[in-house]
Amino acid sequence: MKIYSWNVNGLRSVINKGVFLPFIEAHRPDVLCLQETKSEQSQVDIDLPDYHEYWNSASTKGYSGTAIFSRTKPLSVQNGFSKTIAKKYNLVDDEGRDSASEGRVITAEFEQCYVVTVYTPNAKEDLSRLPLRHAHWDPAFLAHCKALEKKKPVVFCGDLNVAHTELDLANPKPNRGKKGFTDEERAGFQAFVDAGFVDTLRLFREGNGHYSWWSHRANARARNIGWRIDYVLVSGTLRNKVRAADIHPEIMGSDHCPVSITLDID
């Protein structure tokens, strides 16, 4: 089971650049999770006859959004969090923006596991969304995944908008305390690990230099001055079933590149 995750930073843009279909044809993911689609399904002209498509678009057009394309039809699909979790964790920020309406989560249930795609809210340059992120969103998402895990193992993937450790960005010291590398965001990621979820890439690759996002400035991508903020994590029970975990920086079209795992499950 090949699961890919890609923040496309506008799906229509990636398609228009002529890179999306060649990517599908070359890699043939069984499940493709997309973030920042910035569109509704009706706005995207694409023919994928081998895939079932599921979309969760933001209420604000041209913003955020996620999608899952799957070769196998899921047993069930859920957009967002349950009403219980959304109410408990109060996902509205100080400016009245409801992150639950931003199309950030899709959960697809398969025979062997759940696959969840997530586009975690950005803390913003002024850290205005950090309180939402730290006290509300990250705990809500963890609660969502742990609730699913009571039934079957979970694979969750997407743009988590945080570099977990100093190995996950090229320049940790000048970025400490800035968006994507605050203590609060890093603690949110660590909570997933402490809850038993496994950062799959680290099963196969150590050290730095493995990045999934690069600034458009200063030729950062060509110089590999980047951040690893896109991840695939799995329940601990799936740890020994992960046969490969990769980052694909050669795939262009977005400021992010895809990340993937291969699971050996029946």
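Going by the numbering used here, the final residue of the sequence shown carries number 267, and the count climbs one at a time with no gaps. Using N, Cα and C, we set each Cβ at its ideal position, and we do this for glycine too. This one's a predicted model, so the numbers in the text were calculated from it and none came from an experiment.
C-beta neighbour in chain C for residue i, strict 8 Å
i: Arg-29; result: Among the chains in the structure shown there is no chain C, since it carries only a single protein chain.
Backbone secondary structure at residue i - three-state DSSP
i: Thr-238; result: helix
i: Ile-69; result: strand
i: Phe-157; result: strand
i: Tyr-248; result: Here residue 248 is Ile; the residue named in the question, Tyr, does not match the sequence. Three-state DSSP puts Ile-248 in a strand.
Cross-strand partners of residue i (DSSP beta bridge)
i: Ser-216; result: According to DSSP, Ser-216 bridges with nothing at all.
i: Thr-108; result: Gln-79 and Val-117
i: Leu-170; result: Trp-228
i: Tyr-5; result: Leu-33 and Ser-261
i: Val-45; result: None; Val-45 has no bridge partner.
i: Val-233; result: Cys-158
Residue range of the unbroken beta strand (DSSP E) whose run includes residue i
i: Lys-147; result: Run containing Lys-147: none in the beta strand (DSSP E); it sits in the alpha helix (DSSP H), 139 to 150.
i: Tyr-55; result: 53 to 57
i: Phe-205; result: Taken as a continuous stretch (DSSP letters only), Phe-205 belongs to no beta strand (DSSP E), as it is neither H nor E.
Contact under 8 Å by Cβ, residue i with residue j
i: Ala-109; j: Ser-71; result: yes
i: Ile-4; j: Leu-264; result: yes
i: His-257; j: Asn-57; result: no
i: Leu-168; j: Gly-227; result: no
i: Val-32; j: Tyr-55; result: no
i: Leu-92; j: Thr-121; result: no
i: Thr-118; j: Thr-201; result: no
i: Phe-198; j: Val-235; result: yes
i: Gly-159; j: Ser-40; result: no
i: Val-233; j: Ile-266; result: no
i: Ile-230; j: Ser-255; result: no
i: Phe-82; j: Val-45; result: no
i: Ile-69; j: Cys-114; result: no
i: Asn-8; j: Gln-42; result: no
i: Tyr-90; j: Ala-148; result: no
Cβ separation of residue i and residue j, assumed to be a contact under 8 Å, to the nearest whole Å
i: Val-156; j: Leu-239; result: 7 Å
i: Ile-248; j: His-211; result: 6 Å
i: His-135; j: Gly-189; result: 6 Å
i: Glu-103; j: Tyr-64; result: 7 Å
i: Thr-38; j: Leu-12; result: 5 Å
i: Lys-180; j: Asn-220; result: That belief does not hold up - the Cβ atoms of Lys-180 and Asn-220 are roughly 22 Å apart, past 8 Å.
i: Thr-166; j: Leu-128; result: Not quite, the Cβ-Cβ distance comes to about 20 Å (not below 8 Å), so this is no contact.
i: Phe-193; j: Leu-143; result: 6 Å
Start-to-end residues for the alpha helix (DSSP H) that takes in residue i
i: Thr-263; result: Per DSSP, Thr-263 belongs to no alpha helix (DSSP H); it is in the beta strand (DSSP E), 260 to 264.
i: His-188; result: The amino acid at residue 188 is misidentified as His; the sequence shows Ala. 184 to 195 is the span of the alpha helix (DSSP H), which, as asked, contains Ala-188.
i: Arg-13; result: 12 to 17
i: Ala-87; result: 84 to 90
i: Phe-24; result: 21 to 28
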